[in-house]
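The block underneath contains the structure these notes are about, expressed in structure tokens.
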Amino acid sequence: MAEKKLDILVILRECSDPRPPVRLMAKGAGIRDRGLRCLTNPADLEALEHALELRDAGVARVTAVAVGPKSLEDSLRLALAMGAERAIRVWNGVLAGGDAVAGAHLWQRVYAILRPDLVLTGNRLLDGGSDPAPALAAARQDLGCVSAALSLLVKDQEVEILRKGDRGSRQKIVAQLPCAILCEAGFKEPRYPALEAVVTATTQALETWGLEDLSLPEWEVGALGAALDQGEFATPRPDPLRSTTPDPSLPAFERILALLSGGIQPREGKMHFLPPDEVVESLMEIFQSEGLLPEAKT
Amino acid sequence: MMFEYLFSPIKLGQVELKNRISFQPHLTNFAEHCMPSERHMYYWGERAKGGAGLIITEEMSVHPTDTAYEKLVEAFHPEVIPGFRKITDYVHQYDAKIFCQLNHNGQQCDGSISRLPVWAPSPMPDVLFRETPKEMEPEDIEEVCRYFAKSAVHVREGGFDGVELQFGHSSLARQFLSPLTNFRSDEFGGSLENRMRAPLMFIEAVRKAVGKDFTLGIRLCADEMIPGGLDLGQIQEIGARFEASGLIDFMDLSIATFYNLYLVEGSMHTPLGYTIPLAAGMREKIKLPVFCTGRINDPVMAEKVLANGQSDMVGMCRALICDPFLPKKAFEGRLEDIRYCVGDNQGCIGRMGINRTLGCIQNPAVGLEKEWGEGTLKPAPVKKKVMVVGGGPAGLWAAKMAGRRGHQVDLHDRNENLGGQVLTAMKGAGRDEFGVIIRNEKDQVDKAGVRVHLQSRLTPEEILKANPDVVVVATGSQPKSHPVGGADGPAVFNVWQVLDGKPELGDKVCLIDYDGHHRASATAERLADLGKTVHIITSSLFVGAELGPTQDLYLTRQRLLQKGVTFTPDIAVMEVGGEAGQKEIKGFNVYSNQWQTWGPFDSIVLAMGQQVDADLYFALKGKVKELYRIGDCVAPRKVDMAIWEGHKTGRSI
Ligand SMILES: Cc1cc2nc3c(=O)[nH]c(=O)nc-3n(C[C@H](O)[C@H](O)[C@H](O)COP(=O)(O)OP(=O)(O)OC[C@H]3O[C@@H](n4cnc5c(N)ncnc54)[C@H](O)[C@@H]3O)c2cc1C
Ligand SMILES: Cc1cc2nc3c(=O)[nH]c(=O)nc-3n(C[C@H](O)[C@H](O)[C@H](O)COP(=O)(O)O)c2cc1C
Ligand code: SF4
Chain P
13 MAEKKLDILV
23 ILRECSDPRP
33 PVRLMAKGAG
43 IRDRGLRCLT
53 NPADLEALEH
63 ALELRDAGVA
73 RVTAVAVGPK
83 SLEDSLRLAL
93 AMGAERAIRV
103 WNGVLAGGDA
113 VAGAHLWQRV
123 YAILRPDLVL
133 TGNRLLDGGS
143 DPAPALAAAR
153 QDLGCVSAAL
163 SLLVKDQEVE
173 ILRKGDRGSR
183 QKIVAQLPCA
193 ILCEAGFKEP
203 RYPALEAVVT
213 ATTQALETWG
223 LEDLSLPEWE
233 VGALGAALDQ
243 GEFATPRPDP
253 LRSTTPDPSL
263 PAFERILALL
273 SGGIQPREGK
283 MHFLPPDEVV
293 ESLMEIFQSE
303 GLLPEAKT
Chain V
2 MMFEYLFSPI
12 KLGQVELKNR
22 ISFQPHLTNF
32 AEHCMPSERH
42 MYYWGERAKG
52 GAGLIITEEM
62 SVHPTDTAYE
72 KLVEAFHPEV
82 IPGFRKITDY
92 VHQYDAKIFC
102 QLNHNGQQCD
112 GSISRLPVWA
122 PSPMPDVLFR
132 ETPKEMEPED
142 IEEVCRYFAK
152 SAVHVREGGF
162 DGVELQFGHS
172 SLARQFLSPL
182 TNFRSDEFGG
192 SLENRMRAPL
202 MFIEAVRKAV
212 GKDFTLGIRL
222 CADEMIPGGL
232 DLGQIQEIGA
242 RFEASGLIDF
252 MDLSIATFYN
262 LYLVEGSMHT
272 PLGYTIPLAA
282 GMREKIKLPV
292 FCTGRINDPV
302 MAEKVLANGQ
312 SDMVGMCRAL
322 ICDPFLPKKA
332 FEGRLEDIRY
342 CVGDNQGCIG
352 RMGINRTLGC
362 IQNPAVGLEK
372 EWGEGTLKPA
382 PVKKKVMVVG
392 GGPAGLWAAK
402 MAGRRGHQVD
412 LHDRNENLGG
422 QVLTAMKGAG
432 RDEFGVIIRN
442 EKDQVDKAGV
452 RVHLQSRLTP
462 EEILKANPDV
472 VVVATGSQPK
482 SHPVGGADGP
492 AVFNVWQVLD
502 GKPELGDKVC
512 LIDYDGHHRA
522 SATAERLADL
532 GKTVHIITSS
542 LFVGAELGPT
552 QDLYLTRQRL
562 LQKGVTFTPD
572 IAVMEVGGEA
582 GQKEIKGFNV
592 YSNQWQTWGP
602 FDSIVLAMGQ
612 QVDADLYFAL
622 KGKVKELYRI
632 GDCVAPRKVD
642 MAIWEGHKTG
652 RSI
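Protein sequence lines correspond, in order, to chains P and V.
Residue numbers for the first sequence follow my numbering, so the first one is 13 and each next one is one higher.
Residue numbers for the second sequence follow my numbering, so the first one is 2 and each next one is one higher.
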């Protein structure tokens with residue numbers, strides 16, 4: 013049966029590797045990006061693996077898309093080596109500095125151009141960030157979106173998704189195609205590409221799209237299209253830890269004594285001369301009577 | 002980085018500071034003819050060089066009636082501007098910001114300096130100055146506003162980054178705020194709103210004069226700590242209202258008044274960081290950056306205060322008087338190189354308060370930064386073989402400085418440990434921190450390449466045989482061997498023996514105090530702590546006669562009385578008699594000349610003075626190429642002079 017193959021769009025993102033220590037900017041406000049180690053977001057690779065399994069079953073074609081500077085080509089070539097049919101890198105300098113809103117705008121346009129049956133990407137970024145843009149774009153494009161997917165099963169025009177719920181619970185959801193699915197990390201081992209495929213991928217053509225390919229005006233994307241202003245980095249202002257502020261209702265003399273004692277109330281010590289076993293007993297009693305230990309269970 | 006919060010930037014108004022350390026305002030008496038001086042410039046410059054993010058100058062006077070001290074800079078004269086510019090330019094080269102503190106001290110002033118009446122909200126004399134002020138007329142208040150504004154313009158024109166108005170422990174503004182000093186019935190007294198009126202007028206006048214973009218803050222007294230005065234709860238409300246005015250950019254804090262000045266610069270008998278609870282209390286209510294100051298003398302504690310959210314800035318006053326380079330050393334993680342302030346208060350407030358120039362017992366370069374500051378020590382042109390005898394403070398400093406100049410230095414002490422008398426002094430009740438003076442130096446002596454020989458008691462012959470080029474004799478002093486008749490009798494001991502824990506003392510002890518300082522009082526307290534019944538007899542007007550300038554008098558007397566110690570002043574002790582258990586003191590009242598006998602006591606402790614230990618010096622005199630005699634072995638004095646002489650000698654060898 014010559015069924016129409018599913019078009020799957022896999023979004024690949026880069027994130028910083030949280031393992032090597034990061035270096036701070038001179039004034040300590042922000043992370044220095046020079047020398048920062050980046051890698052393809054592992055959850056995105058797992059999403060790719062889901063897509064490739066469908067491709068292997070002969071029911072899908074996979075397109076990997078990444079937005080970003082040339083360094084992202086590494087991620088895209090990895091996707092090609094793993095088996096993706098097509099790889100597209102979207103970039104233009106003005107795209108820098110965007111936020112979720114600007115990103116959603118851009119992804120919506122990508123969805124609109126490629127018209128995928130399924131959008132797959134990771135649920136979270138490894139470095140702790142969440143990137144809501146793919147989901148927001150799905151909403152704008154009127155696609156369903158399912159997050160925290162562990163596995164998926166495509167049947168006709170539907171996809172059945174097993175979701176991760178609260179406290180280890182699982183939830184099965186059926187979504188209509190086309191839709192977007194955000195895959196959880198740690199549930200699927202992305203395949204290890206064959207050396208030959210890696211070598212081939214290094215010379216394979218990558219498509220590069222600029223703003224004109226998206227026909228988006230400059231002011232709708234990147235820093236100009238962002239709804240949020242980037243605030244200044246500042247050291248957090250911790251909430252004050254309550255300390256033993258002298259009770260204002262006390263007379264001044266007592267307040268001074270309270271300050272001078274540093275909140276410590278001296279008490280008389282007691283000597284206990286007992287055999288070792290009884291020392292333990294009496295210590296336990298003291299700790300309990302002082303509220304340092306819970307009452308003994310009988 | 003070790004101190005994430007401490008070295009994070011912060012904005013006060015439009016000014017960004019590179020870190021959270023503020024060198025807090027304090028008088029220096031370095032002014033010349035009430036004008037800013039070169040000495041100021043080098044003094045503040047040294048702290049900027051040392052890495053403080055912010056420097057707040059000493060309080061400067063805004064009005065001729067404000068004469069709390071003879072050497073206040075009079076910021077209301079436009080002639081201050083050139084001096085200000087020199088200071089601010091110098092400080093700015095080190096990437097530090099500098100604010101100027103402006104103040105009118107109100108009733109806390111001395112009219113005999115200005116020969117003008119003292120001005121205050123109400124005709125209520127201050128407890129320290131005891132001068133009945135003139136109740137300010139509304140026109141006077143307006144005049145002060147104008148003068149505040151005028152002075153603030155001079156500050157801005159002088160190149161400062163901001164201005165701080167002193168509304169704290171010693172200020173006209175606090176006197177308006179506090180029901181303790183404001184009894185007015187017009188629109189400047191009564192309700193809180195009325196009491197805040199004049200201080201708000203000062204702020205408004207200054208804000209108008211300096212413009213919106215100039216950083217302006219106040220230093221508020223967080224708790225007057227006196228019955229009938231303002232407490233933290235009321236100050237929170239006052240602070241919130243000042244904040245709500247939208248006219249200020251930060252809130253620096255101080256504590257107390259002149260009734261309890263000992264809380265303003267708490268000595269070592271006050272816990273470290275004693276004002277943290279108050280700063281934290283203010284921070285709960287105030288969104289502006291809040292400062293915390295008071296015995297925060299080390300970066301670890303400073304970091305914790307910030308990380309706990311108890312303040313946004315850490316004020317360090319004495320910590321940086323003592324070691325201007327504390328911030329830099331902390332930044333570089335060299336904590337062992339920091340010279341920690343010990344809170345003895347002798348060199349700083351103890352000198353400044355009695356109209357001498359500011360100093361520090363541990364930092365002879367205070368006020369002499371141009372001559373003795375960082376980078377002024379020159380390598381010795383001729384390397385000499387230097388022998389220092391005596392490892393007390395004098396010997397330690399002499400050895401360290403000589404070693405740094407490149408001499409070959411050997412330091413000998415007959416004891417097992419370096420430190421001399423300080424090791425005994427630190428055994429007095431609550432005096433442990435005094436020992437930090439020695440701990441601060443030990444590493445430095447090693448780093449200066451000095452060879453230390455302990456338990457080494459050299460005879461003059463041995464020294465001559467070693468043939469040194471220079472001998473520095475720093476052999477210190479001993480308690481007087483026979484200060485009074487009967488001192489050699491049974492059950493009579495001196496302070497050293499008692500603090501070193503040697504003698505068995507009975508329960509009833511009499512301490513003869515001819516010292517007036519901690520030597521006597523901390524020993525008495527130690528005995529009381531051991532459960533003894535202590536009676537102090539002194540020739541002075543009162544027990545603790547020398548403890549006033551260091552702000553130790555009040556709390557020392559309080560603690561002694563709480564511990565049941567009896568005081569007998571005005572007595573010249575002439576004889577100690579009787580057997581152990583039946584000891585008697587005979588003496589006469591210095592005013593009435595009446596003789597009296599006290600007793601019976603189990604034991605007697607004498608704090609009746611020191612004598613030099615200079616035998617070695619006289620044995621070597623005329624026999625070595627260069628011979629110096631420094632510290633207590635010249636004349637028994639205190640640590641400040643021992644270090645001063647050690648430093649000076651070490652530099653000049
Ligand atoms: C109980 C007490 C409390 C005090 N409280 C204070 C205070 O609060 N504030 C203050 O400023 N001052 C105080 N002092 C005084 C202060 O400690 C001294 O003024 C200071 O230590 C003097 O320093 P120095 O180096 O000249 O002599 P010392 O500290 O006396 O040191 C002399 C050193 O020389 C060694 N020595 C002597 N002869 C020889 C020899 N022949 N060979 C080898 N080594 C030798 C000794 O062992 C000693 O270590 C107090 C003193 C005492 C005893
Ligand atoms: C010698 C000296 C003079 C001071 N003068 C002032 C002053 O003029 N204005 C002021 O607001 N605080 C003054 N203070 C108080 C200090 O700013 C600071 O609050 C106090 O010393 C406690 O901080 P510290 O423990 O870090 O030294 C002075 C302190 C000292 C030691
Ligand atoms: S004199 Fe003492 S209290 Fe004052 S700054 Fe120096 S070490 Fe600190």
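A virtual CB, placed ideally from N, CA and C, is assigned to each residue, including glycine.
>> Does chain P have any CB closer than 9 Å to the CB of K226 of chain V?
In response: If you number the second sequence from 1, residue 226 of chain V lands on position 225. The sequence as given places Met at residue 226 of chain V; Lys does not occur at that position. At a cut-off of 9 Å between beta-carbon atoms, M226 of chain V makes contact with chain P.
>> According to DSSP, is V628 of chain V part of a helix, a strand, or is it coil?
In response: Translated into the one-based positions of the second sequence, residue 628 of chain V becomes position 627. With the sequence shown as reference, residue 628 of chain V is identified as Leu, and Val is not the correct amino acid for it. Look at L628 of chain V here: in three-state DSSP terms it is strand.
>> Could you check whether L264 of chain V and L271 of chain P sit closer than 9 Å to each other, using their CB atoms as the reference points?
In response: Mapped onto the first sequence, residue 271 of chain P falls at position 259. Mapped onto the second sequence, residue 264 of chain V falls at position 263. Yes, they are a contact pair.
> Along chain P, in chain order, which residues have C-beta atoms closer than 8 Å to that of D232 of chain V?
Replying inline: Looking up residue 232 of chain V in the second sequence gives position 231. Within chain P, the residues near D232 of chain V are P260, A264, R267.
> By how many angstroms is the C-alpha of D338 of chain V removed from the C-alpha of G450 of chain V?
Replying inline: Here residue 450 of chain V is taken as the residue at index 449 of the second sequence, counted from 1. Here residue 338 of chain V is taken as the residue at index 337 of the second sequence, counted from 1. Cα-Cα distance, rounded: 15 Å.
> What runs of the beta strand (DSSP E), each 3 residues or longer, lie entirely inside the segment 543 to 592 of chain V?
Replying inline: Runs of the beta strand (DSSP E) inside the segment 543 to 592 of chain V: 567 to 569, 572 to 578, 584 to 590.
> So, helix, strand or coil for F265 of chain P, using DSSP?
Replying inline: Your numbering for residue 265 of chain P matches position 253 in the first sequence. It is helical.
>> Please report whether the beta-carbon of H270 of chain V lies at a distance below 9 Å from any beta-carbon of chain P.
In response: Working through the second sequence from its first residue, we reach residue 270 of chain V at position 269. Chain P contact via Cβ: present.
> Can you give the beta carbon distance from V63 of chain V to F149 of chain V, rounded, assuming they're within the 8 Å contact cut?
Replying inline: The residue given as residue 63 of chain V occupies position 62 in the second sequence. The residue given as residue 149 of chain V occupies position 148 in the second sequence. About 5 Å separates the Cβ atoms of V63 of chain V and F149 of chain V, confirming a contact at the 8 Å cut-off.
> CA-CA distance, C634 of chain V and G274 of chain V?
Replying inline: If you number the second sequence from 1, residue 634 of chain V lands on position 633. If you number the second sequence from 1, residue 274 of chain V lands on position 273. Spanning the alpha carbons of C634 of chain V and G274 of chain V requires a straight line of approximately 37 Å.
> Can you list, in chain order, the stretches of the beta strand (DSSP E) that have 3 or more residues and sit fully within the segment 60 to 96 of chain P?
Replying inline: Restricting attention to beta strand (DSSP E) runs no shorter than 3 residues, the segment 60 to 96 of chain P encloses them at 72 to 79, ordered along the chain.
> Listing by chain order, which chain P residues have their CB less than 7 Å from the CB of E285 of chain V?
Replying inline: The residue given as residue 285 of chain V occupies position 284 in the second sequence. Per Cβ cutoff of 7 Å: P252.
> From the beta carbon of I277 of chain V, is the nearest beta carbon of chain P less than 9 Å away?
Replying inline: The residue labelled residue 277 of chain V in the question sits at position 276 within the second sequence. It does: the Cβ of I277 of chain V has a partner Cβ on chain P nearer than 9 Å.
>> Against chain P, which members of the segment 307 to 340 of chain V pass a CB distance test of less than 9 Å?
In response: Listed by position, the residues of the segment 307 to 340 of chain V near chain P (Cβ gap below 9 Å) are L307, A308, N309, G310, Q311, S312, D313.
> Helix, strand or coil: which one does DSSP assign to V678 of chain V?
Replying inline: Outside the displayed span of chain V (2 to 654) sits residue 678 of chain V, for which this structure offers no information.
>> Please list, in chain order, the chain P residues whose beta carbon lies closer than 8 Å to that of A281 of chain V.
In response: Here residue 281 of chain V corresponds to residue number 280 of the second sequence, with the count starting at 1. Per Cβ cutoff of 8 Å: P252, L253, R254, S255, T257.
> Do Q597 of chain V and ligand 1 come close, with the Cβ less than 8 Å from some heavy atom?
Replying inline: Stepping through the second sequence from its first residue, residue 597 of chain V is reached at position 596. Look at Q597 of chain V: its beta carbon is at least 8 Å from all of the heavy atoms in ligand 1.
> Applying the criterion that 16 or more other CB atoms from any shown protein chain within 10 Å of the CB defines a buried residue, is P202 of chain P buried or exposed?
Replying inline: Reading the first sequence from its first residue, position 190 is the one you call residue 202 of chain P. By the Cβ-count criterion, P202 of chain P is buried, with 16 or more other Cβ atoms from all chains shown falling within 10 Å of its own Cβ.
>> Within 10 Å of its beta-carbon, does G180 of chain P have 16 or more other beta-carbons around it, so buried, or fewer, so exposed?
In response: Locating residue 180 of chain P in the first sequence gives position 168, counting from the first residue. Around the beta carbon of G180 of chain P, fewer than 16 other beta carbons lie within 10 angstroms, which makes this residue exposed.
> What residue from V:G107, V:L55, V:D553 has the CA that sits closest to G431 of chain V's CA?
Replying inline: Along the second sequence, one-based indexing puts residue 431 of chain V at 430. Relative to G431 of chain V, the option among V:G107, V:L55, V:D553 whose CA is nearest is V:D553.
> Whole alpha helix (DSSP H) runs in the segment 372 to 429 of chain V with 4 or more residues, listed along the chain?
Replying inline: Taking 4 residues as the shortest admissible run, the segment 372 to 429 of chain V contains the following complete alpha helix (DSSP H) segments, listed from N- to C-terminal end: 394 to 405, 423 to 426.
> What three-state label does DSSP hand H284 of chain P in the structure shown?
Replying inline: Taking the first sequence and counting its residues from 1, the one referred to as residue 284 of chain P is at position 272. In the three-state scheme derived from DSSP, where H, G and I count as helix and E and B as strand, H284 of chain P is classed as coil.
> Less than 9 Å separating the beta-carbons of N364 of chain V and T551 of chain V?
Replying inline: By 1-based counting over the second sequence, the position of residue 364 of chain V is 363. By 1-based counting over the second sequence, the position of residue 551 of chain V is 550. Not in contact: N364 of chain V and T551 of chain V (Cβ atoms no closer than 9 Å).
>> Just to confirm my understanding: we take L18 of chain V, look at its own chain, exclude 5 residues before and 5 after, and list those with CB closer than 7 Å. What are they?
In response: Reading the second sequence from its first residue, position 17 is the one you call residue 18 of chain V. Excluding sequence neighbours, L18 of chain V sits near P10, I11, G54, L55, K98.
> Name the chain V residues that come within less than 7 Å of L48 of chain P, Cβ to Cβ?
Replying inline: Here residue 48 of chain P refers to the residue found at position 36 when the first sequence is read from its first residue. For L48 of chain P, no chain V residue has a C-beta closer than 7 Å to its own C-beta; the minimum C-beta separation is roughly 18 Å.
>> Taking 8 Å as the cut-off, is the beta-carbon of I1 of chain V closer than that to any non-hydrogen atom of ligand 3?
In response: Examination of residue 1 of chain V is not possible in this model, given that chain V is present from 2 through 654 alone.
> Helix or strand or just coil, what does DSSP make of V215 of chain P?
Replying inline: Here residue 215 of chain P refers to the residue found at position 203 of the first sequence. In the sequence as presented, Val is not what sits at residue 215 of chain P; that position holds Thr. In this structure, T215 of chain P counts as helix in the three-state DSSP scheme.
> Quick one: is E5 of chain V near chain P, going by C-beta distance under 9 Å?
Replying inline: Along the second sequence, read from residue 1 onward, the residue named residue 5 of chain V stands at position 4. At a cut-off of 9 Å between beta carbons, E5 of chain V contacts chain P.
> List, in order along the chain, the chain P residues whose C-beta lies closer than 9 Å to that of N261 of chain V?
Replying inline: Locating residue 261 of chain V in the second sequence gives position 260, where the first residue counts as 1. Within chain P, the residues near N261 of chain V are A264, I268.
> In the segment 57 to 144 of chain V, which residue ranges form an unbroken alpha helix (DSSP H) of at least 4 residues, counting only runs that do not cross its ends?
Replying inline: Runs found: 81 to 93, 112 to 115.
> For A546 of chain V versus T539 of chain V, is the C-beta distance shorter than 9 Å?
Replying inline: What you label residue 546 of chain V is simply residue 545 of the second sequence in a count that begins at 1. What you label residue 539 of chain V is simply residue 538 of the second sequence in a count that begins at 1. It is a contact, given that the beta carbons lie within the stated cut-off.
>> Contact criterion: CB-CB distance below 9 Å. Does G281 of chain P meet it with respect to chain V?
In response: Indexing the first sequence from 1 puts residue 281 of chain P at position 269. Answer no: the Cβ-Cβ gap between G281 of chain P and chain V never drops below 9 Å.
>> How far does the alpha helix (DSSP H) with G240 of chain V in it extend, from its first residue to its last?
In response: Against the second sequence, residue 240 of chain V aligns to sequence position 239. Counting along the chain, the alpha helix (DSSP H) containing G240 of chain V begins and ends at 233 to 245.
> Taking DSSP as the reference, what is the three-state secondary structure of L221 of chain V?
Replying inline: On the second sequence, position 220 is the one that residue 221 of chain V refers to. It is a strand residue.
>> What does the Cβ neighbour count give for S186 of chain V, buried or exposed, with the cut at 16 atoms within 10 Å?
In response: Within the second sequence, numbered from 1, the residue matching residue 186 of chain V stands at position 185. Of the other Cβ atoms in all chains shown, fewer than 16 fall within 10 Å of the Cβ of S186 of chain V; this residue is therefore exposed.
> Is the beta carbon of R319 of chain V within less than 8 Å of some heavy atom of ligand 4?
Replying inline: The model on display carries ligand 1, ligand 2 and ligand 3 but not ligand 4.
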